[in-house]
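Asks: Using this note's numbering, the letters of the sequence shown map in sequence onto residues 111 to 624.
Note that beta-carbon positions come from the ideal geometry of N, C-alpha and C, so glycine has one too.
This one's a predicted model, so the numbers in the text were calculated from it and none came from an experiment.
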Amino acid sequence: MQIKSTALPTFTEWFDVVVVGFGFAGAAAALAAHDSGARVLLIEKMPDPGGISICAGGGVRTVTDRQKGLEYLRKTVGPDVPDPVLEMMTEGMLGLERYFRELAKVNGATIRVRDRGGNYPFPGHDAFGIVEVTDIPGFDARRDYPHARGRLLGPNVFKLLHDNIRVRDIEVRLETPAERLVIGENGEILGLTVRQQGQVRHIGARKGVILATGGFEADPVMQRKYWQIRPVLAAATRANTGDGIRMAQAAGADLWHMWHFHGSYGFRHVDEHYPFALRVKRLPDWTPEINTPEVAMSWITLNKRGQRFMNEYHPYFQDTGHRPLDQFDPTTQSFPHIPAFLVVDEEGRKRYPLGQAVLNDRTIAPYVWSDDNLKEVENGILQKAASVAALAALIGADVATVQASLDRWNQQCERGRDEDFSRPGTSMLPIKTAPFYVGRLWPLVNNTQGGPAHDAQQRVLNPFKEPIPRLYTVGELGSIWGFLYLGAGNLAECFITGQVAGKHAAGLLSRELL
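(1) Which partner residues of L343 appear in the DSSP bridge assignment?
(2) Compare the Cα-Cα distances from P205 to each of V191, F238, A251, E524 and report the closest residue.
(3) Within 10 Å of its beta-carbon, does E603 have 16 or more other beta-carbons around it, so buried, or fewer, so exposed?
(4) Which runs of the beta strand (DSSP E), 3 residues or longer, sit entirely within the stretch 231-311?
(5) With distances taken from CA atoms, which of D126, V127, V195 is nearest Q568?
(6) The alpha helix (DSSP H) with Q522 in it runs from where to where?
(7) Whole angstroms are fine: how far does the CA of Y462 sit from the CA of S480?
(8) Would you mind working out which of G318, E242, L262 sits nearest A616, comparing C-alpha positions?
(9) Report the three-state DSSP secondary structure of I153 (helix, strand or coil).
(10) Would you mind stating whether L452 and T411 have Cβ atoms separated by less than 8 Å?
(11) Go ahead and label W409 buried or exposed: buried means 16 or more other beta carbons lie within 10 angstroms of its beta carbon, across all protein chains shown.
(12) To the nearest angstrom, how far is it from the Cα of Q112 to the Cα of M368?
(13) R211: buried (16+ other C-beta within 10 angstroms of its C-beta) or exposed?
(14) For I541 and chain B, any beta-carbon pair shorter than 8 Å?
(15) Is there contact between the stretch 377-389 and the stretch 486-502, where contact requires at least three CB pairs shorter than 8 Å?
(16) Let's test the definition: count the other Cβ atoms within 10 Å of the Cβ of N350 and tell me whether it reaches 16, buried, or not, exposed.
(17) Go ahead and label L464 buried or exposed: buried means 16 or more other beta carbons lie within 10 angstroms of its beta carbon, across all protein chains shown.
(18) Is the beta carbon of H424 less than 8 Å from the beta carbon of I339?
(19) Can you look up N489 in the DSSP assignment and give me helix, strand or coil?
(20) According to the Cβ coordinates, are L213 and N274 closer than 8 Å?
(21) Does the stretch 282-294 come within contact of the stretch 138-158, defined as at least 3 CB pairs closer than 8 Å?
(22) Between the Cα of F591 and the Cα atoms of G131, H564, K269, which residue gives the shortest distance?
(23) Cβ of N401 within 8 Å of Cβ of R533?
(24) Enumerate in chain order the residues of its own chain whose CB-to-CB distance from V570 is below 6 Å, with the five nearest sequence positions on each side excluded.
(25) Which residues bound the alpha helix (DSSP H) around F427?
(26) Check whether the Cβ atoms of V555 and A345 lie closer than 8 Å to each other.
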């Protein structure tokens, strides 16, 4: 039920623009709205800011050639994104280096730009780069953000934003979840209802509400509604439960890309109360027809029958690694590849850690994966098998089938060619030195891409492609990525869409002036 003007609550306070969600996108939107003259409130449901953004690698996509970048983006986003939206994104990527250097004036952050092509050999793949925040004087991520365990440079990026929010004295309220939008009789967004310190409060927005609440990684019910594959484990946060999607739907929003999530495969912790998946090791991406993997992958994956069923090393397997597991067998009414089984031998076990934990949650002690994987053998995440027969028993498969799978794999390693699933030869390592190790693998979601459809001003659209007045969406909430993801593209999207929505909302006439 919408809150209509016939039953409007009494607003206890007013702001020009209210931004919901304090990750990269929400921060960028709040900064843009403030710098455009608006009085801004930035709220976050969790006790700590950062969202899933702070867990990211921290590279932000830039583009060096407008037309080539646009051509590549069209191939990756799919047919549903209008040209003006892609043009806005491409233009925004062109300006990100300048944008970050301006932000860096606040705290002396070091900004680096490097070349990095697209993940796939589509036309225009060579027109992309990466902007990074490599260093901030005096900043220690573990000290300043102890609730977060990210990869690489994500915390640096968030620190840069956080310092810019602070220096502008933008009001931030943590532990303040938004519950409902307040919607006028004509469908106009008037404000929102939040819960703060256990109390329901109604906050008016003179100009607009910007939703930056992320996706629905941590909502199994919404996952089942839009995805066939199940179960899918969240990798980093319990906060992203589809709040913004539900609020936008109540206002009449159309949705797009609900099927597409950025994901892979990983392990369950043996503690049933540990809420996150443990990712498999992040190996370097590669681009078909352009290059091959620089680091060999020490494992293969077998299904419940003990058969290999996939190319384990997709060009960007942190995005599409889960897709081969998404197969339903109507005869057995089951997913034959869920769980799958990661298999390495003794040499593979010694090579590098097979997993890692990434999270933003102050209530969870981050799991630290051992360098030699022996802690995981002791605690049961990995199981040890002295022989192929013992390996088959752990999988629950026929020993002859498992032996045949290993024999075929090892023969193909000798030839340097995967004739079954086209895994790159440079990534192939034999699995023949006992003991063997096996770990159950499950689909995992890093972040979702679906949400409210929007126009080039980030205004949420209804099913008739009409803007819902004074409602905006930014970041991964209604992301453009509707087919294949561009590495570091979500982060670029956070900053570009945040700037666009913040400026546009701040530029509206206040409601009382209409």
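Replies: Result, derived from the coordinates:
(1) L554
(2) Note on residue identity: the sequence assigns Gly, not Pro, to residue 205. Of the candidates V191, F238, A251, E524, the one whose C-alpha sits nearest the C-alpha of G205 is F238.
(3) buried
(4) 238-245, 281-283, 288-293, 299-306
(5) V195
(6) 509-525
(7) 9 Å
(8) G318
(9) strand
(10) yes
(11) buried
(12) For Q112, the predicted model reports a pLDDT of 47, less than 50, meaning its position is unreliable and no value from the coordinates is stated.
(13) exposed
(14) No chain B is present in this structure, which holds just one protein chain.
(15) yes
(16) buried
(17) buried
(18) no
(19) helix
(20) yes
(21) yes
(22) Sequence inspection shows Trp at residue 591; the Phe mentioned does not correspond to that position. Nearest of G131, H564, K269 to W591, Cα basis: H564.
(23) no
(24) A358, A363, P562, H564, I578, L581, T583
(25) 427-430
(26) yes
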